[in-house]
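Asker: The structure follows.
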Amino acid sequence: MTRGRPRQFDRDAALARAMEMFWADGYANTSVSDLTHAMNISPPSFYSAFGSKDALYEESLKFFVTHHGGQMWDRLETTPALGDAVEAFLTTSASAFSDSGHPPGCMVIAGLQEMVPGSATDDVSHSAAWLKSQREANDRKMQNRFKRAIEEGDAPSDFDYRAAADFVLTLQAGLSNTARLTLSPSRLVSIARLGRRAIEAMLASGPMDQHGTT
(Lines of atoms letter the chains of each structure in order from A and count residues from 1; the text may use other names and numbers.)
(Lines give C-alpha, C1' and ligand atoms only; values in the text may rest on other atoms or scores of the structure.)
Protein backbone atom coordinates (compact mmCIF):
# COMPACT_ATOMS: atom_id res chain seq x y z
CA MET A 1 0.00 0.00 0.00
CA THR A 2 1.39 3.37 -1.02
CA ARG A 3 1.45 6.05 1.60
CA GLY A 4 -0.22 9.34 0.81
CA ARG A 5 1.78 12.54 0.72
CA PRO A 6 1.90 14.41 4.04
CA ARG A 7 -0.52 17.30 4.37
CA GLN A 8 1.13 20.56 3.34
CA PHE A 9 1.68 23.07 6.14
CA ASP A 10 -0.64 26.07 5.74
CA ARG A 11 1.68 28.87 6.79
CA ASP A 12 -0.83 31.70 6.36
CA ALA A 13 -3.45 29.92 8.46
CA ALA A 14 -0.87 29.29 11.19
CA LEU A 15 0.28 32.92 11.03
CA ALA A 16 -3.28 34.16 11.34
CA ARG A 17 -3.77 32.12 14.51
CA ALA A 18 -0.45 33.30 15.96
CA MET A 19 -1.28 36.90 15.08
CA GLU A 20 -4.57 36.75 16.95
CA MET A 21 -2.88 35.33 20.03
CA PHE A 22 -0.16 37.98 20.09
CA TRP A 23 -2.74 40.66 19.27
CA ALA A 24 -4.98 39.64 22.15
CA ASP A 25 -2.40 38.83 24.83
CA GLY A 26 0.86 40.50 23.82
CA TYR A 27 4.31 39.00 23.34
CA ALA A 28 5.23 38.31 26.96
CA ASN A 29 1.93 36.65 27.84
CA THR A 30 1.95 34.30 24.84
CA SER A 31 4.05 31.18 25.31
CA VAL A 32 5.45 28.83 22.69
CA SER A 33 3.18 26.15 24.16
CA ASP A 34 0.16 28.42 23.62
CA LEU A 35 1.25 29.07 20.06
CA THR A 36 1.91 25.45 19.06
CA HIS A 37 -1.47 24.45 20.50
CA ALA A 38 -3.33 27.21 18.65
CA MET A 39 -1.43 26.62 15.42
CA ASN A 40 -1.87 22.84 15.70
CA ILE A 41 1.82 22.08 15.12
CA SER A 42 4.46 20.30 17.18
CA PRO A 43 7.32 22.23 18.82
CA PRO A 44 9.89 20.79 16.36
CA SER A 45 7.69 21.87 13.44
CA PHE A 46 7.26 25.28 15.04
CA TYR A 47 11.01 25.90 15.31
CA SER A 48 11.64 24.42 11.87
CA ALA A 49 9.03 26.71 10.25
CA PHE A 50 9.59 29.94 12.18
CA GLY A 51 12.93 29.70 13.98
CA SER A 52 11.92 31.32 17.26
CA LYS A 53 9.06 32.99 19.08
CA ASP A 54 10.61 36.38 18.31
CA ALA A 55 10.80 35.61 14.58
CA LEU A 56 7.19 34.43 14.59
CA TYR A 57 6.13 37.59 16.40
CA GLU A 58 7.81 39.78 13.79
CA GLU A 59 6.22 37.79 10.98
CA SER A 60 2.83 38.04 12.72
CA LEU A 61 3.22 41.82 13.00
CA LYS A 62 3.91 42.04 9.27
CA PHE A 63 0.91 39.80 8.61
CA PHE A 64 -1.20 42.18 10.71
CA VAL A 65 -0.01 45.23 8.77
CA THR A 66 -0.79 43.51 5.46
CA HIS A 67 -4.26 42.31 6.41
CA HIS A 68 -5.48 44.77 9.06
CA GLY A 69 -3.25 47.84 9.20
CA GLY A 70 -3.73 49.59 5.86
CA GLN A 71 -7.27 50.92 5.69
CA MET A 72 -6.73 54.05 7.74
CA TRP A 73 -3.53 54.93 5.89
CA ASP A 74 -5.27 54.48 2.54
CA ARG A 75 -7.99 56.89 3.67
CA LEU A 76 -5.41 59.40 4.83
CA GLU A 77 -3.69 59.38 1.44
CA THR A 78 -6.72 59.25 -0.84
CA THR A 79 -8.97 61.81 0.90
CA PRO A 80 -8.20 65.17 -0.75
CA ALA A 81 -9.01 67.80 1.90
CA LEU A 82 -6.79 67.81 5.00
CA GLY A 83 -9.58 68.00 7.59
CA ASP A 84 -11.50 65.21 5.85
CA ALA A 85 -8.32 63.13 5.61
CA VAL A 86 -7.54 63.46 9.32
CA GLU A 87 -11.12 62.60 10.25
CA ALA A 88 -11.15 59.62 7.88
CA PHE A 89 -7.85 58.34 9.29
CA LEU A 90 -9.01 58.57 12.89
CA THR A 91 -12.58 57.32 12.44
CA THR A 92 -11.39 54.39 10.32
CA SER A 93 -8.86 53.61 13.05
CA ALA A 94 -11.57 53.79 15.73
CA SER A 95 -13.85 51.46 13.77
CA ALA A 96 -11.04 48.99 13.05
CA PHE A 97 -9.86 48.97 16.66
CA SER A 98 -13.36 48.19 17.97
CA ASP A 99 -14.34 45.61 15.33
CA SER A 100 -15.73 42.58 17.19
CA GLY A 101 -14.38 40.22 14.53
CA HIS A 102 -10.86 40.31 15.99
CA PRO A 103 -9.04 41.35 19.18
CA PRO A 104 -9.47 45.03 20.09
CA GLY A 105 -6.97 47.77 19.46
CA CYS A 106 -3.95 47.83 17.15
CA MET A 107 -1.37 45.06 17.37
CA VAL A 108 1.48 47.35 16.29
CA ILE A 109 0.62 50.10 18.80
CA ALA A 110 0.29 47.52 21.58
CA GLY A 111 3.61 45.99 20.54
CA LEU A 112 5.37 49.35 20.62
CA GLN A 113 4.09 49.95 24.14
CA GLU A 114 5.15 46.48 25.29
CA MET A 115 8.63 46.69 23.77
CA VAL A 116 9.73 49.87 25.54
CA PRO A 117 13.43 50.04 26.53
CA GLY A 118 14.08 48.38 29.87
CA SER A 119 10.99 46.19 29.75
CA ALA A 120 10.96 42.43 30.19
CA THR A 121 10.84 42.09 26.40
CA ASP A 122 13.73 44.46 25.70
CA ASP A 123 15.91 41.51 24.68
CA VAL A 124 13.58 40.72 21.78
CA SER A 125 15.89 42.53 19.41
CA HIS A 126 14.56 41.70 15.96
CA SER A 127 10.86 42.31 16.52
CA ALA A 128 11.58 45.36 18.69
CA ALA A 129 13.76 46.78 15.91
CA TRP A 130 11.04 46.11 13.35
CA LEU A 131 8.45 47.85 15.55
CA LYS A 132 10.74 50.86 15.89
CA SER A 133 11.19 51.05 12.12
CA GLN A 134 7.41 50.76 11.64
CA ARG A 135 6.81 53.61 14.08
CA GLU A 136 9.36 55.77 12.26
CA ALA A 137 7.75 54.94 8.90
CA ASN A 138 4.32 55.90 10.25
CA ASP A 139 5.74 59.16 11.61
CA ARG A 140 7.11 59.97 8.15
CA LYS A 141 3.85 59.09 6.42
CA MET A 142 1.83 61.30 8.74
CA GLN A 143 4.27 64.21 8.48
CA ASN A 144 4.31 63.86 4.69
CA ARG A 145 0.53 64.11 4.57
CA PHE A 146 0.65 67.42 6.42
CA LYS A 147 3.53 68.65 4.25
CA ARG A 148 1.45 67.76 1.21
CA ALA A 149 -1.38 69.89 2.61
CA ILE A 150 1.05 72.82 2.86
CA GLU A 151 2.17 72.30 -0.75
CA GLU A 152 -1.44 72.12 -1.93
CA GLY A 153 -2.43 75.28 -0.05
CA ASP A 154 -4.60 73.36 2.39
CA ALA A 155 -2.44 74.49 5.32
CA PRO A 156 -0.33 77.64 5.83
CA SER A 157 3.35 77.55 4.96
CA ASP A 158 4.36 77.96 8.61
CA PHE A 159 2.10 75.17 9.84
CA ASP A 160 3.79 72.95 12.44
CA TYR A 161 3.36 69.68 10.59
CA ARG A 162 5.53 67.75 13.06
CA ALA A 163 3.37 68.73 16.05
CA ALA A 164 0.22 67.96 14.06
CA ALA A 165 1.55 64.53 13.07
CA ASP A 166 2.54 63.78 16.67
CA PHE A 167 -0.93 64.80 17.86
CA VAL A 168 -2.81 62.62 15.37
CA LEU A 169 -0.65 59.55 16.03
CA THR A 170 -0.91 60.06 19.79
CA LEU A 171 -4.69 60.26 19.51
CA GLN A 172 -4.68 57.11 17.38
CA ALA A 173 -2.66 55.31 20.06
CA GLY A 174 -5.17 56.48 22.66
CA LEU A 175 -8.01 55.10 20.56
CA SER A 176 -6.25 51.73 20.41
CA ASN A 177 -5.75 51.65 24.17
CA THR A 178 -9.32 52.76 24.87
CA ALA A 179 -10.70 50.10 22.51
CA ARG A 180 -9.07 47.51 24.76
CA LEU A 181 -11.13 48.91 27.65
CA THR A 182 -14.26 47.97 25.68
CA LEU A 183 -15.51 51.50 25.12
CA SER A 184 -18.37 51.34 22.60
CA PRO A 185 -17.49 51.81 18.91
CA SER A 186 -19.78 54.85 18.65
CA ARG A 187 -18.00 56.60 21.52
CA LEU A 188 -14.61 55.79 20.01
CA VAL A 189 -15.70 57.31 16.69
CA SER A 190 -16.97 60.39 18.52
CA ILE A 191 -13.56 60.81 20.15
CA ALA A 192 -11.88 60.33 16.77
CA ARG A 193 -13.95 63.11 15.25
CA LEU A 194 -12.61 65.53 17.86
CA GLY A 195 -9.22 65.09 16.22
CA ARG A 196 -10.39 67.00 13.17
CA ARG A 197 -11.55 69.89 15.34
CA ALA A 198 -8.16 69.99 17.07
CA ILE A 199 -6.29 70.11 13.76
CA GLU A 200 -8.61 72.82 12.46
CA ALA A 201 -7.93 74.81 15.64
CA MET A 202 -4.17 74.40 15.01
CA LEU A 203 -4.63 75.62 11.45
CA ALA A 204 -6.49 78.68 12.65
CA SER A 205 -4.22 79.59 15.56
CA GLY A 206 -0.88 79.88 13.78
CA PRO A 207 2.48 78.29 14.61
CA MET A 208 3.43 77.22 18.14
CA ASP A 209 6.71 78.11 19.78
CA GLN A 210 8.90 75.51 21.47
CA HIS A 211 6.90 75.83 24.71
CA GLY A 212 3.65 74.92 22.95
CA THR A 213 2.12 78.41 23.00
CA THR A 214 1.01 80.42 19.99
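Using our numbering, the first residue of the sequence shown is number 381, and each one after it goes up by one.
For glycine and all other residues, C-beta sits at the position ideal for the given N, C-alpha and C.
1. Looking only at C-alpha atoms, which of A461, S411, A418, R391 sits nearest to F430?
2. Beta-carbon separation of A476 and H447 under 9 Å?
3. Among A584, S585, R560, Q552, whose alpha-carbon lies nearest the alpha-carbon of L456?
4. Does A535 pass the burial test, meaning 16 or more other C-beta atoms within 10 Å, or should it be called exposed?
5. Report yes or no: do the stretch 478 to 495 and the stretch 418 to 432 share at least 3 C-beta pairs separated by less than 8 Å?
6. Taking all protein chains shown into account, decide if R525 is buried (16 or more other Cβ within 10 angstroms of its Cβ) or exposed.
7. When DSSP labels each residue in this structure, what does M495 get in the three-state scheme?
8. Rounded to the nearest angstrom, how far is the Cβ of A490 from that of S440, given a contact under 8 Å?
9. Below 8 Å on the Cβ atoms is my guess for D519 versus A545; work out the distance and round it to an integer in Å.
Answerer: From the atom records:
1. Residue 430 sits at position 50 when you count from the first residue of the sequence shown. The shortest C-alpha separation from F430 is found at R391.
2. Against the sequence shown, residue 476 aligns to sequence position 96. Against the sequence shown, residue 447 aligns to sequence position 67. The answer is no: Cβ separation not under 9 Å.
3. Counted from its first residue, the sequence shown places residue 456 at position 76. Nearest C-alpha to L456: Q552.
4. Sequence index remark: in the sequence shown, residue 535 carries index 155 (1-based). It is buried - the Cβ of A535 has at least 16 other Cβ atoms within 10 Å.
5. These segments do not touch.
6. For this step, residue 525 is matched to residue 145 along the sequence shown. Buried.
7. As a first step, residue 495 must be located in the sequence shown, where it is residue number 115. Coil, per DSSP.
8. To locate residue 490, count along the sequence shown from 1; it is residue 110. To locate residue 440, count along the sequence shown from 1; it is residue 60. That pair is no contact at about 12 Å.
9. Reading the sequence shown from its first residue, position 139 is the one you call residue 519. Reading the sequence shown from its first residue, position 165 is the one you call residue 545. That belief holds up - the Cβ atoms of D519 and A545 are roughly 6 Å apart, short of 8 Å.
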